[in-house]
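Read the structure below first, then the notes.
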Amino acid sequence: MNIHEYQGKEILKSYGVRIQEGIVADTPEDAVEAARMLHMQTGTQFYVVKAQIHAGGRGKGGGVKVAKNLEEVRELSKKILGMQLVTHQTGPEGKKVNKVLISQDVYYPGPSKPKEYYLGILLDRAKGRNVIMASTEGGMDIEEVAEHTPEKITKEWVDPLVGLQPFQARKIAFSLGLEGNAFKEMVNFIQALYRAYVETDSSMFEINPVLKTSDDKILAVDAKVNLDDNALFRHKNYAELRDITEEDPLEVEASKSGLNYVKLDGNVGCMVNGAGLAMATMDIIKLSGGEPANFLDVGGGANAQTVEAGFRIILKDPNVKAILINVFGGIVRGDRVANGVVEAYKAIGNINIPIIVRLQGTNAEEGARIIDESGLKVYSAVLLKDAAARVTEVLKGVK
Amino acid sequence: MSVLVNKNSKVIVQGFTGSEGSFHAQQMIEYGTNVVGGVTPGKGGNTHLDRPVFNTVQQAVEKTGADVSIIFVPPAFAADAIMEAADAGIKVIITITEGIPTKDMIYAKEYLKGKDIRLIGPNCPGVITPEEAKVGIMPGFVFKKGKIGIVSKSGTLTYEAADQIVKAGLGISTAIGIGGDPIIGTPTKEAVELLMNDPETEAIVMIGEIGGGMESEAARWIKETGNKKPVVGFIAGQTAPKGRRMGHAGAIIGGADDTAEAKMRIMRECGIHVVESPALIGDTMLKALGKA
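Chains as they are written, first to last, in the numbering used here: chain A, 1 to 399; chain B, 1001 to 1292.
Listed below in structure tokens is the structure:
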């Protein structure tokens, strides 16, 4: 589960990670009030107005602006709140900004020059361990750094049984070229950050940038925090961090019916049992001349209810010109799925697009017969090859 | 021969009396798997499906001599169940449970390190050696006996592959569902290695999906060891967008090496018969064997 910067920072702070302080607001008036409070709490002279959406690249997209006074806080918040912020991660339609984080200015002048770094924690799948990645190239996309100047990235793998050791934190801090108080601060920062990562059951932390201030403090200016969905049962209080306005409404609706749905941009909808076969079915659609409109895994218990719920969700996408249902029955019997499809079809009524139902496995032939004899605009197939050919055929008719 | 499970395997079911455990234990027994008992803490001493229920895996092993365990316990307790099985001396632990927290699996995998134990899964359909033992949730009738080994991250796609192999007039030696989670006990390369070393397996189907680098690692190993048996490969998710999780917790494109395209390219370079279309797994295997 992705959460907002302001939520991630609150979590980090609770584990003793120093952050760029800020107060979240959802109206320009609240933003001004937040700035006033922040001035009292931190003495900050300038304010950073930061759009809160679940996507990176907010600064480049115009979602992060510096205000020199309260009036500018109001003006900038007014501009940013409600805007469709487009970044390289949002897609061309962008994401609507509902909240801004009014943050203290941490790039103030002082005895030394401020410097930005990168810190990330994630799972190294091959090693089965968490890895901390650090780089002197703060503010840069870490993938680009990894591609062009991999020598600038330091990695430390953490033994899960003993946890992060101080020497590892020191190695990272030294590799970043830090010394004096900034070095000590960074060591503490890394240790607190790792503890937060483990105890919150996170699946990714990206702190980019981590800032060394002009007076040698180390703090998190941004925080991308991704929580492990499978561990949320241990952290009931995190449920409220979910922001469904960040999610596709169809995906939210699907998850209520226990369906795993991901909206895509294509013209052929699909409904499949099993994630791997669902991806393979999307690939078949592409190879047959279409583009997949979605990923949809109905899971192990494909029945009339789940099939109907799936139908309804797919049909809400106006781009869908055909639907391919691909169910490999094992425990689920083909004839029952076929009956489910026919029932759902009748329950929904006027479906004007062609549907291809490919049933394989237990009672596949009987399932195909039920489909063929239903009198509906539904085509049956047994082999995956035949289903693919049907998709091509149907798309020709549609075009 | 065959790998991991066979007619001599003595299988216990952890989470035996739960609904999933009961249903699939029944199915396995009907298939002919030698299910010798099960474990449900607090229900020891009872009989379920005509087999003894034990409180601990240790008791089950002592009383039945079990050497294989299949785990159906809920996600919150599954890593604990894996470690319990390992501690009791079970040699092959097959974990079906989906949704185990990653942190738990990191600990469990670390716990197994250095021990002579094979963990399959989690989040997998299990392992089947046709006509001998089905230790999993797959529809047994799809898997006819033969000489093709299957390694796959996904459930229904494994059935699909097996069905195509059988319809091509071939059969399966052992099919291993390795699981779709970010951390699994037996990565692709190790499962492929088992089948490469199995004298009864003549060729291998290797099915992967987006995310991680396991298939590339396996492909490189296949090449380094001299492409001893023909391998047909497929990677699901050629059309999956970056950064979106496609059902399986592990199926997400993070970097450029995670894409289906990148993996298929590496597999091709390593001499694997890569199919673009999942409908052509059977046909391609026939070609790879020189039978078509």
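Heads up, the beta-carbon is just placed ideally off N, CA and C, and yes, glycines get one too.
Could you name the residues of chain A that D1163 (chain B) contacts, counting a contact when the two beta carbons are closer than 8 Å?
Per Cβ cutoff of 8 Å: F328, Q360, G361.
Alpha carbon to alpha carbon, how far is V17 (chain A) from K217 (chain A)?
If I take the Cα positions, the gap works out to 12 Å.
Where E185 (chain A) and G1121 (chain B) are concerned, what is the direct C-alpha to C-alpha distance, given to the nearest angstrom?
Cα to Cα, E185 (chain A) sits roughly 41 Å from G1121 (chain B).
Chain B partners of R129 (chain A), CB-CB under 7 Å?
Within chain B, the residues near R129 (chain A) are I1106.
Have a look at A:S255, A:D243, A:D265 and flag the residue whose alpha-carbon is nearest the alpha-carbon of P1241 (chain B).
Of the listed residues, the one whose Cα sits closest to P1241 (chain B) is A:D265.
Using beta carbons (cut-off 7 Å, strictly below), is E143 (chain A) in contact with chain B?
Yes, its Cβ sits closer than 7 Å to a Cβ of chain B.
Go through its chain and collect everything with a Cβ distance to E246 (chain A)'s Cβ below 6 Å, but skip five positions before and after it.
Taken in chain order, the residues that qualify are H54.
Kindly provide the ranges of any beta strand (DSSP E) runs that are 3 or more residues long and lie completely inside the segment 195-272 of chain A, ordered along the chain.
Listed in chain order, the complete beta strand (DSSP E) runs (minimum 3 residues) inside the segment 195-272 of chain A are 202-212, 218-220, 224-227, 260-263, 268-272.
Check the Cβ of P1278 (chain B) against every Cβ in chain A and list those closer than 7 Å, keeping chain order.
By Cβ distance, chain A contributes A280, D283, I284, L384.
If you pair each beta-carbon of the segment 319-334 of chain A with each one of the segment 271-279 of chain A, do three or more pairs fall below 8 Å?
Yes: the two stretches touch, three or more of their Cβ pairs being nearer than 8 Å.
Could you tell me the boundaries of the alpha helix (DSSP H) in which G367 (chain A) lies?
It spans 364-372 - the alpha helix (DSSP H) in which G367 (chain A) sits, taken as one unbroken run.
Hey, how far is the Cα of A9 (chain A) from the Cα of Q191 (chain A)?
Rather than Ala, the amino acid found at residue 9 (chain A) in this sequence is Lys. Near 16 Å, if we compare the C-alpha coordinates of Q191 (chain A) and K9 (chain A).
Going by the DSSP bridge assignment, what does V24 (chain A) pair with across the sheet?
V24 (chain A) is bridged to A:L101.
When you compare only the Cα positions, how much space is there between D1257 (chain B) and E143 (chain A)?
Using only the alpha carbons, I get a separation of about 11 Å.
Answer with yes or no whether the minimum CB distance from P1122 (chain B) to chain A is below 7 Å.
Not closer than 7 Å to any Cβ of chain A, the Cβ of P1122 (chain B) fails to qualify, so no.
Within the 7 Å Cβ cut-off, does G403 (chain A) reach chain B?
As displayed, chain A neither begins before 1 nor continues past 399, which places residue 403 (chain A) out of reach and without an answer.
Taking only beta carbons into account, state which residues of the segment 149-182 of chain A come closer than 7 Å to chain B, listed in chain order.
Cβ contacts with chain B: P160, L161.
Quick one: any contact between the segment 1154-1172 of chain B and the segment 1210-1225 of chain B, if contact means 3 or more CB pairs under 8 Å?
These segments do not touch.
Which residue marks the beginning of the alpha helix (DSSP H) containing A145 (chain A), and which one marks its end?
The sequence given here has Val at residue 145 (chain A), not Ala. Unbroken alpha helix (DSSP H) run through V145 (chain A): 142-148.
What span of residues does the alpha helix (DSSP H) with Q1238 (chain B) cover, start to end?
Element bounds for Q1238 (chain B): n/a, residue is neither H nor E.
Can you confirm whether the segment 198-208 of chain A touches the segment 225-233 of chain A when touching is taken to mean that 3 or more C-beta pairs between the two stretches lie within less than 8 Å?
Flag = yes, the segment 225-233 of chain A and the segment 198-208 of chain A touch.
Can you list, in chain order, the residues of its chain with a C-beta nearer than 8 Å to that of H235 (chain A)? Leave out the 5 residues immediately preceding and following it.
Closer than 8 Å at the Cβ level, and outside the excluded window around H235 (chain A), lie T200, D201, L227.
Counting pairs of Cβ atoms below 8 Å between the segment 1143-1152 of chain B and the segment 1171-1188 of chain B, do you hit three or more?
With a cut-off of 8 Å, the segment 1171-1188 of chain B and the segment 1143-1152 of chain B count as touching, because enough Cβ pairs lie within range.
Out of B:E1084, B:I1093, B:G1179, B:K1134, state which residue places its alpha-carbon closest to the alpha-carbon of C1124 (chain B).
Checked all of B:E1084, B:I1093, B:G1179, B:K1134; the closest Cα to C1124 (chain B) is B:G1179.
CB-CB under 7 Å to G310 (chain A), same chain, minus the five flanking residues each way: which ones, in chain order?
Once the five neighbours on either side are set aside, the close Cβ partners of G310 (chain A) are L259, M271, L296, V298.
Return the CA-CA distance between G340 (chain A) and V1135 (chain B), expressed in angstroms with no decimal places.
Taking the straight line joining both Cα atoms gives about 30 Å.
Please name the residue or residues paired with I1148 (chain B) in a DSSP beta bridge.
According to DSSP, I1148 (chain B) bridges with B:I1172, B:A1203.
Using a Cβ-Cβ cut-off of 6 Å (strictly less than) and excluding sequence neighbours within five positions of I1266 (chain B), which residues of its own chain qualify?
Only S1216, A1219 meet the Cβ criterion.
Determine whether the Cβ of S1069 (chain B) lies closer than 7 Å to any Cβ atom of chain A.
So, not an interface residue.
Would you kindly work out how many angstroms separate the C-alpha atoms of K385 (chain A) and E1193 (chain B), rounded to a whole number?
Cα-Cα distance, rounded: 30 Å.
Alpha carbon to alpha carbon, what distance is there between G22 (chain A) and V210 (chain A)?
Cα to Cα, the separation comes out at about 16 Å.
Quick check: what's the CA-CA separation for G1155 (chain B) versus E137 (chain A)?
Going by the C-alpha atoms only, they are around 42 Å apart.
Please check if any C-beta of chain A sits within less than 7 Å of the C-beta of E1193 (chain B).
No, because no Cβ of chain A sits closer than 7 Å to the Cβ of E1193 (chain B).
Go to T1033 (chain B), then tell me how far its alpha helix (DSSP H) extends in each direction, as first and last residue.
Run containing T1033 (chain B): none; DSSP gives neither H nor E here.
Taking C-beta to C-beta, are T1129 (chain B) and S1002 (chain B) nearer than 7 Å?
The answer is yes: Cβ separation under 7 Å.
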